[in-house]
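Below is one structure, written out as structure tokens; the observations come after it.
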Amino acid sequence: MALIVYGANLSPFVRKVRVVLAEKGLQYSLEPINPFGPPPEFVEISPLKRIPAFRDTDLPEPNHLADSSVICDYIEHKYPNPPLYPQEPYARARALWFEEYADSQIAASIVRPLFFERVVKKLLRQETDESICEAALRDQVPAVADYLEKEIGGSEFLVGNMFSIADASVGTMFVNMHHTGEGIDAGRWPKLAAYVARLHARPSFKAAIDEESPFVQRLRAAA
626 MALIVYGANL
636 SPFVRKVRVV
646 LAEKGLQYSL
656 EPINPFGPPP
666 EFVEISPLKR
676 IPAFRDTDLP
686 EPNHLADSSV
696 ICDYIEHKYP
706 NPPLYPQEPY
716 ARARALWFEE
726 YADSQIAASI
736 VRPLFFERVV
746 KKLLRQETDE
756 SICEAALRDQ
766 VPAVADYLEK
776 EIGGSEFLVG
786 NMFSIADASV
796 GTMFVNMHHT
806 GEGIDAGRWP
816 KLAAYVARLH
826 ARPSFKAAID
836 EESPFVQRLR
846 AAA
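Oh and the sequence shown: position 205 is 830 in the numbering used here, straight run, nothing missing.
Shown next as structure tokens:
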């Protein structure tokens, strides 16, 4: 078995796939790809030029996939244990909804304004616009946090009593928030703050955070 993930480890979408692989105990290799200048051979397997892409070399060509949601769904079907998608139809649909909410709304509210300004722009040697960060923290982040605080309720996980693709998808976005030096206000959103802390303490997330944090800290300190 040879599974290959193509992408950059700081991407929340690449991390989502890596968390799923780790939760299932699967070995894989990570092939670094610069999303701002992907090589032609990467574009062949990811026509939209987005990370991650994925290859399962157990299969004959074509054996590649693109898009984190597609990749995670494939991994679940090929390696069903432990399951990361609920079996009950409504619960499964709820998990897929939270994946979509994370990939679209949380990414737009946290990753694009905060992470792009404070981390990606430093990689690109561009000046950070803190007014964009301030607006996101004032308007966008609270809207997301209010919604998730309500949805978490008294549960350990977002859907049912199992860690699922919903948690992998939401949790990865808050890793990027962590890398910007921001966090969830536990006084205002106690359930969400505790939920994110639980997720990030899981071995699958902790390994990613420990791998990424030294580089991010050096990058942010070098400005």
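Even for Gly, the Cβ is constructed at its ideal location relative to N, Cα and C.
Quick caveat, the model's predicted, so the values are computed rather than measured.
Cross-strand partners of residue i (DSSP beta bridge)
i    : result
S789 : DSSP lists no partner for S789.
L646 : DSSP lists no partner for L646.
R680 : I629, H689
S729 : In the DSSP output, where bridge partners are listed per residue, S729 has none listed.
L655 : V630
Beta-carbon contacts of residue i that lie in its chain and below 8 Å, excluding the five residues immediately before and after
i    : result
P711 : R717, R719, A720, V784, G785, M787, S789
S780 : N786
P707 : E648, K649
A811 : A818, A819
F659 : The sequence shown places Asn at residue 659, rather than the Phe named in the question. Within the same chain, N659 has close Cβ partners A633.
V841 : L635, V744, H804
CB-CB length for residue i against residue j, believed under 8 Å
i    : j    : result
L739 : C758 : 5 Å
V744 : H804 : 6 Å
N688 : L655 : No, N688 and L655 are not in contact; Cβ-Cβ is about 17 Å, not under 8 Å.
R675 : A833 : With a Cβ gap of about 19 Å, R675 and A833 do not count as contacting.
Proximity of residue i and residue j at Cβ, strictly below 8 Å
i    : j    : result
L651 : Y704 : yes
G632 : P664 : no
L824 : G796 : yes
W814 : A770 : yes
E742 : D754 : yes
P685 : V800 : no
L844 : K747 : yes
I696 : V642 : yes
7 Å Cβ shell around residue i - same chain, five flanking residues per side excluded
i    : result
F782 : F788, S789, D792
P767 : none
S671 : A678, A691
I731 : V769, V795, M798
I777 : L783, K816, L817, Y820
P657 : A633
Y653 : L628, I629, V630, L646
Exercise for the section: Ignoring anything shorter than 4 residues or poking outside the stretch 729-771, list the alpha helix (DSSP H) runs there in chain order. Expected result: 755-760
Practice task
List in chain order: all unbroken alpha helix (DSSP H) runs of 4+ residues lying wholly within the stretch 812-843.
Solution key: 815-826
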